[in-house]
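Taking it in order: structure first as structure tokens, then the write-up.
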Amino acid sequence: MSKSVLSWIILFVCNLIWSFHFTCIKLTQDQVGPYFTVWAPMLLATIFLAPFVVKDFKKGNRKLKDLLIFVQLAALGAFPSQVFMTYGTQYSLASNSAILVLALPVITAVFAFLILKEKMNRARWISFGIAIIGVVLCSTDDLKKLDFSSKYALGNILIVLAIIGNGYYNVGCKKISDKFTEMEMLFYTYLFLVIFLAPLVWYYEPEMFFKIPEYTAQTWTGMIALTLFHNFLSMLLFFKALKNLDATQVALSNYLITLMGLPIAAFVLGETLKTQAIIGGLLVLASTLILTIVDSKTQQKNIAKANQSIKSL
């Protein structure tokens, strides 16, 4: 199995885990504030990773100045994507958020072009177009409720800034992926993000610490799932895939979240799954398969050409 195909399988698993994110938050929302929901699982994931990263730090002869790149990635990428999205959703509509998030692959592709010099080939444009059609079908209800009036302007701007931060973070991590291990990238990002988020938690939600003993089984289920699967396992797998795929490819795979999130919401939360949503989900899956197969063949051809060039020398 080629690295490209294996990386796509890993991305599929990542997006499956991420598609549970909204459901996990719904499980915790009755007892846990939005900042604490982000900060606490991230803090625990950072603690879990610490022993492994200490070994890598010593083996790699790392210096503190080597970690400055993660201050930048956390401050300009991960922090706005977390905080601005939280605030933006509060000041806007859920339907606005759902539609604006569709811009993430486009913004990531722009950053990938500017920073990494990646290009959109024909297969990527075709799969991107099919995915857009599929996601629009999945988001029919959100489109009907769409409202970009002035009273939601601040929230919409914050959401767009959050998406820009997310795209910048993904591309920035791709750029340094050959210098750091998956665990290092995850740990240092979380470390600085936990530090940046701590003042917000202590200022806006200090009572959350005293409510922990009162958590119900439902709340514990959500918090444990966010810690182990969303913040730990899925991100390790994501960085592993990012090492072998272009940032543009990884961004396009995010449309799988819509495909997987719909049946999960229908099953866990009792939401209705409509016909156009099913069709849209199948189109998203088809676009991903096209991109996987074509890019895998392209990668094999490039490797073959490189090997021939070496032999000719």
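Read in order, the letters of the sequence shown are residues 1 to 313 in full-length UniProt numbering. Glycine included, C-beta positions come from ideal geometry on N, C-alpha and C. Quick caveat: nothing in here was measured; it's all calculated off a predicted structure.
Report task. Name the two residues that bound the continuous alpha helix (DSSP H) containing S4. Result -> Run containing S4: 3-18, per the alpha helix (DSSP H) assignment.
Report task. State buried or exposed for D30, treating a residue as buried only when at least 16 other CB atoms are found within 10 Å of its CB. Result -> exposed
Query - Three-pair Cβ contact test at 8 Å for the region 64-71 versus the region 183-199 - result: yes
Query raised in the report: Would a C-beta distance cut-off of 8 Å place T108 and T248 closer than the cut-off?
Result: T248 is positioned such that its CB atom lies closer than 8 Å to that of T108.
Query - Touch test, the region 157-170 against the region 34-43, Cβ-Cβ under 8 Å, three pairs minimum - result: no
Requested in this report: Compare the C-alpha of T23 against each of K117, T221, L49, D246 and name the closest.
Outcome: T221
Query raised in the report: Any idea if I303 is buried or exposed, counting beta-carbon neighbours within 10 angstroms, 16 or more meaning buried?
Result: At I303, the pLDDT of 47 sits below 50, so the modelled position is not reliable; the number obtained from the coordinates is stated separately. So I303 ends up on the exposed side.
Query raised in the report: Cα separation between A40 and F232?
Result: 13 Å
Query raised in the report: Rounded to a whole number of angstroms, what is the C-alpha to C-alpha distance between I17 and E184?
Result: 21 Å
Requested in this report: Report back the beta-carbon spacing between Y168 and F84 to the nearest angstrom; my notes put them in contact at under 8 Å.
Outcome: Not a contact, Cβ separation roughly 12 Å.
Query - Three-state secondary structure assigned by DSSP to T28 - result: Note: T28 maps to helix in three-state DSSP.
Query raised in the report: So, using beta-carbon positions, are L242 and S177 closer together than 8 Å?
Result: yes
Report task. Kindly indicate which residue of K240, M235, A251 has the alpha-carbon position closest to the one of T46. Result -> In this structure, M235 is the residue among K240, M235, A251 with its C-alpha nearest to the C-alpha of T46.
Query raised in the report: Which class does K117 belong to by DSSP, given the choice of helix, strand or coil?
Result: coil
Query raised in the report: Would P51 pass as a contact of A162 if the rule is Cβ separation under 8 Å?
Result: no
Report task. Quick one: give me the first and last residue of the alpha helix (DSSP H) that G155 is part of. Result -> 153-176
Query raised in the report: What three-state label does DSSP hand G33 in the structure shown?
Result: Coil.
Query raised in the report: Thinking just about the alpha-carbon of each residue, which of V54, Q82, G129 is nearest to the one in F187?
Result: V54
Query raised in the report: Roughly how many angstroms lie between the CA atoms of D66 and F180, to the nearest whole one?
Result: 10 Å
Query raised in the report: Excluding the five sequence neighbours on either side, which residues of its own chain have a C-beta within less than 7 Å of the C-beta of N170, listed in chain order?
Result: Result list for N170: T108, A247, V250, A251, in chain order.
Report task. Kindly list the residues whose CB is nearer than 7 Å to the CB of I164, restricted to its own chain and excluding five residues on each side of it in sequence; keep chain order. Result -> Cβ neighbours of I164 within its own chain (closer than 7 Å, five residues either side excluded): I107.
Query raised in the report: My guess is that K175 and L116 are in contact by the Cβ rule of under 8 Å, so how many angstroms apart are they, rounded?
Result: 6 Å
Query raised in the report: According to DSSP, is P199 helix, strand or coil?
Result: helix
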